[in-house]
Every structure is written in structure tokens, then in C-alpha cells.
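Trainee: If you're matching them up, the sequences are chains X and W in order.
Using this note's numbering, read the first sequence as starting at 1 and increasing by one per residue.
Using this note's numbering, read the second sequence as starting at 1001 and increasing by one per residue.
Note that beta-carbon positions come from the ideal geometry of N, C-alpha and C, so glycine has one too.
Once you've had a glance at the structure underneath, I'll fire off some questions.
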Amino acid sequence: GAVVSQHPSWVICKSGTSVKIECRSLDFQATTMFWYRQFPKQSLMLMATSNEGSKATYEQGVEKDKFLINHASLTLSTLTVTSAHPEDSSFYICSARDQRTIQETQYFGPGTRLLVL
Amino acid sequence: AQTVTQSQPEMSVQEAETVTLSCTYDTSESDYYLFWYKQPPSRQMILVIRQEAYKQQNATENRFSVNFQKAAKSFSLKISDSQLGDAAMYFCAYRSARTGNQFYFGTGTSLTVIP
């Protein structure tokens, strides 16, 4: 099946620094990717929808200046957590939509664990 | 927005037995997809089973089957012959059939398999 990768798989950073997380669709083109956030023992919450060549659509309550999303190519979307703080520590998961299938199957990346000290 | 409810935060089952996980959802749409995802400790989301709302026949994947009741907006997952590897967090999810739409996830059910 299709594969979606994320890099890095985990990152530890100091408070105030910025962290970039990459989401790649490895064997298909994805005009749309989604970024989710998951706190321990909780469900996945959609943060934003990333569209290739246009601005991302953010969910209510998600700061667009805090979580910068860039979908510069059909296989890559990046999420940058700017001026990270300890409360940004979480598990971030992306998914990519495969338009080759009628059902537009979506595939999840393996996730990125972010710890802000 | 659509809502997905999983009323069982934790469930346990004896190895080789059968367990059913519950899920209900709320939507005004007629065309959509429903999913069950498994999230083991690695936290990689693994698709267990998918159901198209326009199909009356319940989906089945080996030991996993669903009971889809469209009118009741219910979508339960039955795991037969439970195995130790089935232990994980299970999320029920809804996705509109309209193009480009995201998943709406339930709060999850933590399944423990007792040897």
C-alpha cells in the first residue's frame, strides 16, 4: 500500500526555538494533507488542512502564526512549530489523500513526538 | 460538524474470545465512510476495516467485522478469536464522501487482551 513518512520521528528542543516536521507521500502525489495533534491517551484532533499551492486551512482555535504549514510540492507538507513552548509538546501525525482511488484513501504517517523543554 | 462517540474508554477480552467495541456518530450527510483504526504503542495508525455508507452489507476483514446500522448511526467492531496482538487503542472514525474532507475521530477504546 501507499506510504507516508514523517521526519523527524521524535525531537527534543528548548523553549523558544522553532521545529519543522516534514510529511512526505512516498509513492503518490497528494494535493491535500492533514495535520493532527494527539495528546497522551487522547484522540487525534485535526489542526489544519494543507493544500498544495495554496494557504492551509486551520481549525478553530489553532493559531496559524504558531503552526506554520507549507505544502510546496505534491509530495511534501511541512509543519513548523514556531517559538515552541512546553505546552506544544505532543504527538503530531499527518495524513495524505491519495486521489488515485475512487474512495480517496488517506494514509497516515508514523507520527512525530515533540518534547519542548 | 460531525461527532463520533465511543462510550467504552476501556475494554478487556480473554484471548480467543470475542469482543465488540461500540461507536455511534452524528451526521446529516447521506454519503460517507466509516473506519476503525488501531493504534498500538508505536502510535502508528493502522486501518482495521472500512465501511461505505451506501453499502448495506457489513464489511469483514478476517477476524474483524462490523455491524453497521445506518438508521441508528451505529458502527460497532467485532473482533473474533482475540489475539494478544490485538491489544491496542481503537479509534472509530467518520469521513465525508465529499472530496477533500478530513477524519473525525472518536475518543478511543483501549483494548486489553488477557492471556
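Report the residues of the stretch 99-116 of chain X with a CB closer than 9 Å to any CB of chain W, ordered along the chain.
Mentor: Result list: Gln-99, Gln-103, Glu-104, Thr-105, Gln-106, Tyr-107, Phe-108, Gly-109, Pro-110, Gly-111 and Arg-113.
Trainee: Taking the C-alpha atoms as reference points, what is the distance between Val-62(X) and Thr-80(X)?
Mentor: Going from the Cα of Val-62(X) to the Cα of Thr-80(X) covers about 13 Å.
Trainee: What residue does the beta strand (DSSP E) around Gln-1051(W) start on, and which one ends it?
Mentor: Per DSSP, Gln-1051(W) belongs to the beta strand (DSSP E) from 1046-1052.
Trainee: Judging by CA-CA distance, which residue of Val-3(X), Val-19(X), Pro-8(X) and Asn-51(X) is the nearest neighbour of Leu-117(X)?
Mentor: With distances taken between Cα atoms, Leu-117(X) lies closest to Val-19(X).
Trainee: Counting only Cβ-Cβ distances shorter than 8 Å, please list the residues of the stretch 83-97 of chain X near chain W, keeping chain order.
Mentor: Cβ contacts with chain W come from Phe-91, Ile-93, Ser-95 and Arg-97.
Trainee: Alpha carbon to alpha carbon, what distance is there between Ala-1016(W) and Tyr-1104(W)?
Mentor: About 31 Å.
Trainee: Taking only beta-carbon positions, decide if Arg-1095(W) is within less than 9 Å of chain X.
Mentor: Yes - at least one Cβ of chain X is within 9 Å of the one on Arg-1095(W).
Trainee: Are there 16 or more other CB atoms within 10 angstroms of the CB of Leu-44(X), so buried, or fewer, so exposed?
Mentor: Leu-44(X) comes out buried.
Trainee: Glu-104(X) and Ser-73(X) - do their beta-carbons sit closer together than 9 Å?
Mentor: No, Cβ-Cβ distance for Ser-73(X) and Glu-104(X) is not below 9 Å.
Trainee: Using a Cβ cut-off of 9 Å, which residues of the stretch 30-44 of chain X contact any Cβ in chain W, in chain order?
Mentor: So the list reads Thr-31, Thr-32, Phe-34, Tyr-36, Gln-38, Lys-41, Gln-42, Ser-43 and Leu-44, given in the order they occur along the chain.
Trainee: Select from Tyr-58(X), Ser-5(X), Ile-69(X) and Ile-93(X) the residue whose C-alpha is nearest the C-alpha of Phe-28(X).
Mentor: Answer by Cα proximity: Ser-5(X).
Trainee: Leaving out the 5 sequence neighbours to the left and right, which residues in its chain are closer than 6 Å to Glu-1010(W) when beta-carbon positions are compared?
Mentor: So the qualifying residues of the chain are Ser-1110.
Trainee: By the criterion of Cβ-Cβ separation under 7 Å, what are the contact partners of Phe-1105(W) in chain X?
Mentor: The contacting residues are Ser-43 and Leu-44.
Trainee: For Gln-1057(W), count neighbouring Cβ atoms within 10 angstroms of its own Cβ and tell me buried if that reaches 16, exposed if not.
Mentor: Flag for Gln-1057(W) reads exposed.
Trainee: Taking C-beta pairs closer than 7 Å, name the residues in chain X that Arg-1063(W) reaches, listed in chain order.
Mentor: The premise fails here: Arg-1063(W) is roughly 20 Å from chain X at the closest Cβ pair, so nothing lies under 7 Å.
Trainee: Report the neighbours of Phe-1091(W) on chain X: residues whose CB is nearer than 9 Å to its CB, in chain order.
Mentor: By Cβ distance, chain X contributes Ser-43 and Leu-44.
Trainee: Which bits of chain X does Gln-1044(W) rub up against, with CB to CB less than 8 Å?
Mentor: Neighbours of Gln-1044(W) on chain X, chain order: Phe-108, Pro-110 and Gly-111.
Trainee: So Ser-1076(W) and Ser-1022(W) are supposed to be a Cβ contact under 8 Å. How far apart are they, rounded?
Mentor: With a Cβ gap of about 5 Å, Ser-1076(W) and Ser-1022(W) count as contacting.
Trainee: Grab me the residues of Gly-12(X)'s own chain with a C-beta within less than 7 Å of its C-beta, minus the 5 sequence neighbours each way, in chain order.
Mentor: Residue 12(X) is actually Ile in this sequence, not Gly. Counting only Cβ-Cβ distances below 7 Å, and skipping sequence neighbours, we find Leu-115 and Leu-117.
Trainee: Would you call the stretch 32-47 of chain X and the stretch 81-94 of chain X touching, i.e. three or more CB-CB distances under 8 Å?
Mentor: With a cut-off of 8 Å, the stretch 81-94 of chain X and the stretch 32-47 of chain X count as touching, because enough Cβ pairs lie within range.
Trainee: Please work out which residues of its chain come closer than 7 Å, Cβ to Cβ, to Leu-46(X), disregarding the five sequence neighbours upstream and downstream, and give them in chain order.
Mentor: Hits under 7 Å: Phe-34, Tyr-36 and Glu-59.
Trainee: If you count every other CB in all the chains shown that lies within 10 Å of the CB of Ala-1059(W), and 16 or more means buried, which is it?
Mentor: Buried, by the Cβ-count rule.
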